[in-house]
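Q: Residue numbering for the sequence shown follows full-length UniProt numbering, starting at 1 and increasing by one per position. To start, I am sharing the structure in question, which I have written as structure tokens.
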Amino acid sequence: MNAFGGRSRSSAGWFFAGLDSSFPDLGTDESNLSDLRFCGTDLKAGCKVFQVRKSDPSRSTEVLLAPDVLNYAELEGDLKDQVLVFKFKGKFHAVDHKCPHSSYPLSHGTPFDIEDFGIVLSAGLTCPKHGWSFDLHSGMADRARYKLGIWEVQLRDTASIGTELLADLQLVYNFFEHIVTGGGGSMGLEVARSVLESGGDVICIDRQENPLEEPWNRVLNVSKSHGTQAWYYRCDITDAENVKSVFAESMKKSRFPFRGLVACAGISGDAPSIDFPISTARSIIGINVIGTLICAQAAAQEIQRQGSAGSIVLVASMSAHGSNKGVDTVAYNSSKSAVVQMARSLAVEWGSRADIPLIRVNSISPGYIRTRMTEEPLNNPDMEREWTNGNMLMRLSEAHEYRGPITFLLSDASSFMTGSDVRVDGGHTAW
1 MNAFGGRSRS SAGWFFAGLD SSFPDLGTDE SNLSDLRFCG TDLKAGCKVF QVRKSDPSRS
61 TEVLLAPDVL NYAELEGDLK DQVLVFKFKG KFHAVDHKCP HSSYPLSHGT PFDIEDFGIV
121 LSAGLTCPKH GWSFDLHSGM ADRARYKLGI WEVQLRDTAS IGTELLADLQ LVYNFFEHIV
181 TGGGGSMGLE VARSVLESGG DVICIDRQEN PLEEPWNRVL NVSKSHGTQA WYYRCDITDA
241 ENVKSVFAES MKKSRFPFRG LVACAGISGD APSIDFPIST ARSIIGINVI GTLICAQAAA
301 QEIQRQGSAG SIVLVASMSA HGSNKGVDTV AYNSSKSAVV QMARSLAVEW GSRADIPLIR
361 VNSISPGYIR TRMTEEPLNN PDMEREWTNG NMLMRLSEAH EYRGPITFLL SDASSFMTGS
421 DVRVDGGHTA W
């Protein structure tokens, strides 16, 4: 079989890396990945490396490693656009071959368990050049701000590649793409930067014509420095046809498989409930609930069309779990309660049906954030005191503090989570 039979990276295809059985299952024996391993009666390299040139992905090929002669001097400068694939304790990983700190080949690295009090939390890979380590789920280094590019991997049935080894599985891998609604707002832009830093492309959609210039330039700078891409589309998420059109148009530019959605779009309104304007309530429910459902449907349909698993994160609010002091936001609170229940309902349907690819759906409930939405009430110093005293950390949150939780929910690090709501509110709802 060809190393990469199938569609190229530019057409959002998946690359074939070989059969499950062609990779030895490595353990924590402190050996580097390029060592030869015994797997039954066969002798196999502990990893494989593939060249996936961005300039010409159709010519991607396997890089043949020779562990007995492989050394840093021979490989220096030749690691660009290479992907390292290996199996560690039953799980496949695909990462950039070049260490982002030292440019050393990580095929000489050593995989290990990341533990806390004897509990395995994740897996890591140590580069022997300077001893730096990287989390194989998040790509984060154990020091400084270096980040390792992480690729998505999947195991698939072998029938489609014409093999008789039906008990075996084929391994495929690629980068990923996400859509962020509310992509012109504070949280949406932070999520976009997080996706780009993780090695994926991002499509931001929002109802405003253009995103704010300075924050969007920061997104583009992150995109440029990480070799990823970001696009912005104006979209009315309450209009199903508009959403469908924008999704279809954005997929034409897509380099990678579409992996999922982060639904950040939302509005609020403050007025006494006894005479709360019904037109305002309709707008809030329309965007926060109906618009979120429309986008979740469009995302699920695209994931189903591409035939790969996905993850959807709906941004709710701590207001889904209690009323806010000092502001009268009955429609907003009600809408966010609906978003939490929507995530549960979609998780039940899309996680247990055999006729569609697995789609995990979770929600996140942020606390008070310093954004344009909260700018007006926070002009009142009494309101800021009320809100900061309402949580255990005695402060308001910043939009960047939600990057980690949302990235976690999008990634395979949360592979056993669906139908959950993650409260990130400084302990506000724990009183």
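The beta carbon of each residue, even a glycine, is placed where N, CA and C say it ideally should be. Please read all numbers here as calculations on a predicted model, not as lab measurements.
1) Taking the alpha-carbon positions, what's the residue 415 to residue 250 distance?
2) Check for me: the beta strand (DSSP E) holding residue 362 runs from which residue to which?
3) Which ranges would you report for the beta strand (DSSP E) in the region 246 to 315 if only whole runs of at least 3 residues count?
4) Put residue 412 into one of helix, strand or coil per three-state DSSP.
5) Count the other C-beta atoms from every protein chain shown that fall within 10 angstroms of the C-beta of residue 17, then say buried if there are 16 or more, exposed otherwise.
6) Per DSSP, which one or two residues make a beta bridge with residue 96?
7) Just to confirm the assignment, what range does the alpha helix (DSSP H) spanning residue 332 have?
8) Would you tell me roughly how many angstroms separate the C-alpha atoms of residue 323 and residue 268, rounded to the nearest one?
9) Which same chain residues, not among the five before or five after residue 86, have their C-beta less than 8 angstroms away from its C-beta?
10) Count the other CB atoms within 10 Å of the CB of residue 151; is the residue buried (16 or more) or exposed (fewer)?
11) Judging by CA-CA distance, which residue of 135, 258 and 102 is the nearest neighbour of residue 115?
12) At what residues does the alpha helix (DSSP H) containing residue 388 begin and finish?
13) Could you pull the DSSP bridge partners for residue 204 from this structure?
14) Residue 439 by DSSP, collapsed to three states: which one?
15) According to DSSP, what are the bridge partners of residue 317?
16) Assuming residue 106 and residue 95 make a contact with CB atoms under 8 angstroms, what is their CB distance in whole Å?
17) Could you tell me which of 15, 38 and 30 sits nearest to residue 21, measuring between CA atoms?
18) Under the three-state reduction of DSSP, which class applies to residue 399: helix, strand or coil?
19) Can you check which of these residues, 210, 201, 198 and 200, is closest to residue 182 by C-alpha distance?
20) Taking the runs of the beta strand (DSSP E) that are 3 residues or longer, which of them lie wholly in the region 118 to 152?
21) Mind checking residue 214: buried by the 16 CB within 10 Å criterion, or exposed?
22) Is residue 156 helix, strand or coil by DSSP?
23) Taking a contact to mean a Cβ-Cβ separation below 8 angstroms, would you say residue 205 touches residue 291 in this structure?
24) Check whether the region 402 to 414 touches the region 335 to 345, counting contact only when three or more Cβ pairs, one atom from each stretch, lie closer than 8 angstroms.
25) If I follow the unbroken beta strand (DSSP E) through residue 17, where does it start and stop?
26) Given residue 271, which residues of its chain have a CB within under 8 angstroms of its CB, disregarding the five upstream and five downstream residues?
27) So what's residue 218 in DSSP terms, helix, strand or just coil?
28) According to DSSP, residue 45 sits in a beta bridge with which residue or residues?
29) Starting from residue 193 and walking both ways along the alpha helix (DSSP H), at which residues does that stretch end?
30) When the Cα atoms are used, what is the spatial distance from residue 370 to residue 108?
31) Going by DSSP, what residues sit across from residue 424 in a beta bridge?
32) For a test of the three-state rule: what should DSSP assign to residue 442, helix, strand or coil?
33) With DSSP as the reference, label residue 52 as helix, strand or coil.
34) Just confirm the distance between the C-beta atoms of residue 219 and residue 262, as a whole number of angstroms; I'd bet it's less than 8 angstroms.
35) How would you label residue 61, buried or exposed, when you count the other beta carbons within 10 angstroms and need 16 or more for buried?
A: So, from the listed chains and residues:
1) 26 angstroms
2) 359 to 366
3) 258 to 263 and 310 to 315
4) helix
5) buried
6) 83
7) 330 to 352
8) 13 angstroms
9) 23, 26, 33, 46, 47, 48, 92, 93 and 111
10) buried
11) 135
12) 381 to 388
13) 180 and 232
14) With the chain covering 1 to 431 only, the question about residue 439 has no answer from this structure.
15) Answer is none; residue 317 lacks a bridge partner.
16) 7 angstroms
17) 38
18) helix
19) 210
20) 119 to 126 and 133 to 135
21) exposed
22) strand
23) no
24) no
25) 15 to 19
26) 277, 280 and 328
27) helix
28) 36
29) 186 to 197
30) 45 angstroms
31) 366
32) Because the chain in this structure spans residues 1 to 431, residue 442 falls outside the shown range and cannot be described.
33) coil
34) Their Cβ separation, rounded to whole angstroms, is 14 angstroms, which puts residue 219 and residue 262 out of contact at 8 angstroms.
35) exposed
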